[in-house]
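Protein chains: 2
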Amino acid sequence: MRNRRRGKVLEAAIFRGVWRELAETGYVNFSIERVAARAGTSKPVIYRRWPTRARLVYAALRANRSVLSSKAPDTGTVRGDLLVILRHISEMVDELSPEVIFGLIAELLHERDSSERDSSERDLPERDSSLFAEVQEHNAKIMTEILTRGVQRGEIVAERLTPRLVALPFDLVRYQLIVLQQPLSAQDTEEIVDRIFLPLVRAD
Amino acid sequence: MRNRRRGKVLEAAIFRGVWRELAETGYVNFSIERVAARAGTSKPVIYRRWPTRARLVYAALRANRSVLSSKAPDTGTVRGDLLVILRHISEMVDELSPEVIFGLIAELLHERDSSERDSSERDLPERDSSLFAEVQEHNAKIMTEILTRGVQRGEIVAERLTPRLVALPFDLVRYQLIVLQQPLSAQDTEEIVDRIFLPLVRAD
DNA sequence: TCTAATAAGATACTATTCGTATCCTATTGA
DNA sequence: TCAATAGGATACGAATAGTATCTTATTAGA
Chain A
312 MRNRRRGKVL
322 EAAIFRGVWR
332 ELAETGYVNF
342 SIERVAARAG
352 TSKPVIYRRW
362 PTRARLVYAA
372 LRANRSVLSS
382 KAPDTGTVRG
392 DLLVILRHIS
402 EMVDELSPEV
412 IFGLIAELLH
422 ERDSSERDSS
432 ERDLPERDSS
442 LFAEVQEHNA
452 KIMTEILTRG
462 VQRGEIVAER
472 LTPRLVALPF
482 DLVRYQLIVL
492 QQPLSAQDTE
502 EIVDRIFLPL
512 VRAD
Chain B
312 MRNRRRGKVL
322 EAAIFRGVWR
332 ELAETGYVNF
342 SIERVAARAG
352 TSKPVIYRRW
362 PTRARLVYAA
372 LRANRSVLSS
382 KAPDTGTVRG
392 DLLVILRHIS
402 EMVDELSPEV
412 IFGLIAELLH
422 ERDSSERDSS
432 ERDLPERDSS
442 LFAEVQEHNA
452 KIMTEILTRG
462 VQRGEIVAER
472 LTPRLVALPF
482 DLVRYQLIVL
492 QQPLSAQDTE
502 EIVDRIFLPL
512 VRAD
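Right under this line is the structure:
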């Protein structure tokens, strides 16, 4: 066969196959065999790179940087910044169906659990370096940026910002989107910002 | 073969098999074949009752009423009641590993999605009658009881109790236990109650 | 430019599990 | 007592996992 792909080109084709498989089949019945077929390659090529379904999907998600790419907005008020960034998170979660999110997390947890049982050190993503934790850390950084400006402007009382409170708006958004699987309306974000978060940290 | 079980006795044996399979294998590699073996029966017996893995596990969880059994405490203060009930929730979630929770949810979601695609009406648990929603509803009822007493005692301002705020303490606990997969310390529950919830609804 | 190392891709194989079909018979209740 | 019901054993075809083997295109380096 001529025109044999390798390296990044090949991986990109495989990742495209993963996305199509996720979109059409979902995660529960996700098949590596079909991904290979979609990418026009064969199973061993995939298994040489990623040992399991979960690791393959995980790699594909990481390669899709849009899951992690977002910047801290600067609208001039904490309230405005929060509304923008919460909306943005909602859009990012929409990229994946809840079924894929839950399925992937379940399988990553399963791998972690069984590797613990084996007490062997495969290079699985640790809890702390998981995609989820990464996204969370990224969001925390943005939040810090927003709140720091808020403190400087005198909108926010720095002493009230415990770690849990800093995480609160994002946690509530993620809870609604992931656990409750309900879309996030503008009213929802406003309620979270105006009725819960700001009253707890506002200077007044 | 003599001593052939049927009805409730047989189902109870199957459910015991399910629990052992979940404990030893987890959800991702959960096998109906092994459950049948554990219960000393055979696959068709299980398939005659439950069409899928997810439905079987779902039924076993529902049969284990401890997941749903809890009463509203009455310690005399909203604060005391909340600390008790949040602790209780933490213990209930501990009955299941995150892997099982995520795996089951993923598969129930998958069934819902594909039955939508078929547009055929199998009697799957609707989003609104899912075990999760049921637990949530049960918790909401307890919360209402606690808060009603609080309002009567004048501790709480009824007008501030939006649905989102009423759900807030439980949401935060569940978020930490399920999504973050972190244990819930006494300090955590106190922080949620004293630093977040009560300041938003307290009369003072 | 030639050559040796590397890795893609095709294929085949074993093992496992699924979900279903078939058959036999213990148990139940009319 | 007997017919209906349902448990249990067994076997099956299909799908997929994960691995092994082999051929050959491609690459890097001498």
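Just so you know, the protein sequences line up as chains A and B, in that order. Residues in the first sequence are numbered from 312 upward in steps of one, following our numbering. Residues in the second sequence are numbered from 312 upward in steps of one, following our numbering. Virtual Cβ for every residue (Gly too), placed ideally from N, Cα, C. Being a predicted model, the structure only gives us computed values, none of them experimental.
query	result
Answer yes or no: do B/Leu-479 and A/Glu-410 have a C-beta to C-beta separation smaller than 8 Å?	no
Give the residues of chain A in contact with B/Glu-502, contact being defined as C-beta atoms less than 8 Å apart.	Thr-473 and Arg-475
Taking the straight line between their C-alpha atoms, what separation do you get for B/Glu-322 and B/Ile-400?	27 Å
Using 8 Å as the threshold, is the C-beta distance between A/Leu-407 and A/Val-484 below it?	no
For A/Val-462, which residues in the same chain have their Cβ closer than 7 Å to its Cβ, ignoring the five residues on either side in sequence?	Ala-469
Quick one: grab the DSSP three-state call for B/Arg-315.	coil
Under 9 Å between beta-carbons, which chain A residues line up against B/Asp-482? List them in chain order, please.	Asp-482, Leu-483, Tyr-486, Gln-487, Val-490 and Leu-491
Taking just the CA atoms, how far does A/Pro-494 sit from B/Glu-332?	35 Å
Chain A partners of B/Tyr-369, CB-CB under 9 Å?	Result: empty, since nearest Cβ-Cβ is about 14 Å, beyond 9 Å.
Given a threshold of 16 other Cβ atoms within 10 Å of its Cβ, counted over all protein chains shown, does A/Gly-387 qualify as buried or as exposed?	exposed
Residue range of the alpha helix (DSSP H) that A/Thr-500 falls in?	497-502
Identify each residue in the region 403-418 of chain A for which the Cβ-Cβ distance to at least one residue of chain B is less than 7 Å, and report them in chain order.	Pro-409, Glu-410, Phe-413, Gly-414, Ile-416, Ala-417 and Glu-418
Measure how close the beta-carbons of B/Val-339 and A/Glu-418 come, nearest whole angstrom, since I'm counting them as under 8 Å.	5 Å
Exposed or buried, B/Val-320, counting other C-beta atoms within 10 Å across all chains shown (16 or more means buried)?	exposed
Just to make sure I have the definition right: I need the residues of chain B whose C-beta is within less than 8 Å of the C-beta of A/His-421. Which are they?	Gly-337, Tyr-338, Val-339, Asn-340, Glu-410 and Gly-414
Which word fits B/Asp-439, buried or exposed, when buried means at least 16 other C-beta atoms lie within 10 angstroms of its C-beta?	At B/Asp-439 the pLDDT is 39, less than 50, meaning the model places this residue with poor confidence and gives no usable figure here.
Residues of chain B with CB under 9 Å from A/Ile-507, in chain order?	Arg-475, Leu-476, Leu-479, Ile-507 and Leu-511
Could you give the first and the last residue of the continuous alpha helix (DSSP H) run that contains B/Lys-354?	354-358
Does B/Asp-424 come within less than 8 Å of chain A when only Cβ atoms are used?	yes
Determine the direct distance from the alpha carbon of A/Pro-384 to that of A/Arg-364, and round the result to whole angstroms.	36 Å
Please classify A/Gly-465 as buried or exposed, where buried requires at least 16 other C-beta atoms within 10 Å of its C-beta.	exposed
Within the same chain, show all residues whose beta-carbon is closer than 8 Å to that of B/Asp-505, passing over the 5 residues directly before and after it, in chain order.	Arg-390
Less than 8 Å separating the beta-carbons of B/Arg-471 and B/Val-512?	yes
Let me know if A/Tyr-358 comes out buried or exposed under the rule of 16 or more other beta-carbons within 10 Å of its beta-carbon.	exposed
Can you have a look at B/Gly-414 and say buried or exposed, based on whether 16 or more other CB atoms are within 10 angstroms of its CB?	buried
Considering only residues of the same chain and omitting the five flanking positions on each side of A/Glu-456, which have a CB-CB separation below 8 Å?	Ala-383
On the CB-based measure, 16 or more other CB atoms within 10 Å of its CB, does A/Asn-450 come out buried or exposed?	buried
Could you work out which residue in B/Glu-502, B/Arg-373 and B/Ala-348 is closest to A/Arg-475 when comparing CA atoms only?	B/Glu-502
Taking the alpha-carbon of A/Ser-425 as reference, which of B/Gly-318, B/Arg-423, B/Ile-467 and B/Gly-337 has the nearest alpha-carbon?	B/Gly-337
Alpha carbon to alpha carbon, what distance is there between A/Tyr-369 and A/Val-346?	14 Å
Is it buried or exposed, B/Ala-350, if we count other Cβ atoms within 10 angstroms and call 16 or more buried?	buried
Quick one, are the C-beta atoms of A/Ala-497 and A/Ile-467 less than 8 Å apart?	no
Any C-beta of chain B sitting closer than 8 Å to the C-beta of A/Ser-496?	no
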